[in-house]
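Q: Sending over a structure as structure tokens; questions will come in a sec.
Residue numbers (my numbering): -9 to 78.
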């Protein structure tokens, strides 16, 4: 991964930005896979007519997963925003 305007960042800042981006990608993939699993469980539970409690728990878990992924995206955006200010 290449960061544009590298000369405006110290080596430590470049390393920190790359680590944050890699962590963000990893967390995004984990959150996406979690959402896919919960959607599959939701579809299966609607066909098999499992108890209502399992469906409610699945929907709550899906909501929490989406909320956590949004919060992580905002945190990473705010962290990267301070480096973007250094470019301008």
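Here a beta-carbon is modelled for each residue, glycine too, at the ideal position from N, C-alpha and C. Every value quoted in this text rests on a predicted model; they were computed, and no experiment measured them.
What residue from -1, 45, 15 has the CA that sits closest to residue 67's CA?
A: As a working mapping, residue 67 is identified with position 77 in the chain shown. If we check each option's Cα against that of residue 67, 15 comes out closest.
Q: On the premise that residue 48 lies in contact with residue 31, defined as a C-beta separation below 8 Å, what is that separation, rounded to the nearest angstrom?
A: Start at 1 with the first residue of the chain shown, and residue 31 comes out as number 41. Start at 1 with the first residue of the chain shown, and residue 48 comes out as number 58. About 5 Å separates the two Cβ atoms, so the contact holds.
Q: Using only the alpha-carbon positions, how far apart do residue 50 and residue 72 sit?
A: Reading the chain shown from its first residue, position 60 is the one you call residue 50. Reading the chain shown from its first residue, position 82 is the one you call residue 72. Residue 50 and residue 72: Cα-Cα distance of roughly 34 Å.
Q: Mind checking residue 55: buried by the 16 CB within 10 Å criterion, or exposed?
A: Along the chain shown, one-based indexing puts residue 55 at 65. Buried, by the Cβ-count rule.
Q: So what does DSSP say about residue 0, is it helix, strand or coil?
A: To locate residue 0, count along the chain shown from 1; it is residue 10. Coil.
Q: Taking Cβ positions, are residue 52 and residue 28 nearer each other than 7 Å?
A: For the purposes of this step, residue 52 is taken as residue 62 along the chain shown, with counting starting at 1. For the purposes of this step, residue 28 is taken as residue 38 along the chain shown, with counting starting at 1. Yes, Cβ-Cβ distance for residue 52 and residue 28 is below 7 Å.
Q: Throw me the rounded Cβ distance for the residue 70 and residue 25 pair, which I believe falls under 8 Å.
A: For the purposes of this step, residue 70 is identified with residue 80 of the chain shown, where counting begins at 1. For the purposes of this step, residue 25 is identified with residue 35 of the chain shown, where counting begins at 1. Rounded, the Cβ-Cβ distance is 23 Å, inconsistent with contact.
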